[in-house]
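Take any residue in the sequence shown, count from 1 to its spot, add 186: that is its number in the working numbering. Backbone N, C-alpha and C define an ideal beta-carbon position, used for all residues, glycine too. Read through the structure below, which is laid out as structure tokens, and then see the notes.
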Amino acid sequence: MPNRLHQLHLRQRVPVRPRQPPPITNPPGPIQWRLLQRLAQCRGDLSPANCSDCLSRSVTEIIARCPWRKQAVLRFDGCLMRYSDKRFFSTLSTDGSQMLYNVNNASDQKLLNRQLGRLLNGLSTNASLDSSRFAEGEINYTTDVGKLYGLVQCTKDLSEGDCLSCLTQSIADLPGCCSGKIGARVISLSCYLRESSQMGGK
């Protein structure tokens, strides 16, 4: 019976429309596990329609894959969905970070790394100062790539300082996996970073 109640509660409480999650105060006592903290957030450059589609798909997938779990995270390219019976709002977490990269190398890898550092550090500062916790931009790269595009985003529950710390850590992780690569992503629970030679990362 508790598992059935949990699944029903999840279906009712996970939002399918994009919105900033409100703060939740869990009362003490034996029913605390039934009150989930949940977060649903789209990538900042998605249209409202694409955001809604992504979140709707996330609801279906997360219930299918994790029907009885009290904690789960699902991230598609366009959106993030997370829920837990424990408090996680306003808590920075880089646990389980994933790094993905394009196999293609730039002809001048040192120049690429310098240019990316400038771009991503600037975007990280901008995102941390903006209430959307999102920023994107581009920078000229004059050899084989042309322009470099960057996108960074934190979950909206993070403070300015924690957002910047998360993105700074993601930038620091890039050289270990993706030095000189034309296209890379660093994904964590609290923030997302992407660089690409094409707008939108396609």
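Check, Outcome
"Sufficient close CB pairs (3 or more, under 8 Å) joining the region 289 to 306 to the region 253 to 262", "no"
"Rounded straight-line distance, which links the Cα of Ser283 to that of Gly366", "20 Å"
"DSSP three-state assignment for Cys237, whether helix, strand or coil", "helix"
"Burial state of Asp281 (16 or more Cβ within 10 Å)", "exposed"
"Burial state of Thr277, where buried means 16 or more other Cβ atoms lie within 10 Å", "exposed"
"Residue from Leu232, Asp359, Ser376 whose Cα sits closest to the Cα of Tyr287", "Asp359"
"Extent of the continuous beta strand (DSSP E) run through Ser257", "Here residue 257 is Gln; the residue named in the question, Ser, does not match the sequence. Looking at the DSSP string, the run of the beta strand (DSSP E) that includes Gln257 is 257 to 261."
"Contact the region 244 to 255 vs the region 322 to 342: 3+ CB pairs below 8 Å", "no"
"Close Cβ partners of Thr354 (< 7 Å) along its chain, the five nearest in sequence each way excluded", "Ser310"
"Nonlocal neighbours in the same chain, by C-beta distance under 6 Å from Gln384, ignoring five residues either side", "none"
"Reduced DSSP secondary structure (H/G/I, E/B, other) of Cys252", "coil"
"Selected residue, minimal CA-CA separation from Leu379, among Cys363, Ser318, Leu241, Leu337", "Leu337"
"Rounded Cβ spacing between Phe320 and Gln301 (contact assumed at less than 8 Å)", "The Cβ separation is near 21 Å, so there is no contact."
"Simplified DSSP state of Leu302, which is helix, strand or coil", "helix"
"Which of helix, strand or coil DSSP assigns to Asn312", "helix"
"Those residues which DSSP pairs with Glu129 across a bridge", "Past the edges of the chain, shown from 187 to 388, lies residue 129, and the structure says nothing about it."
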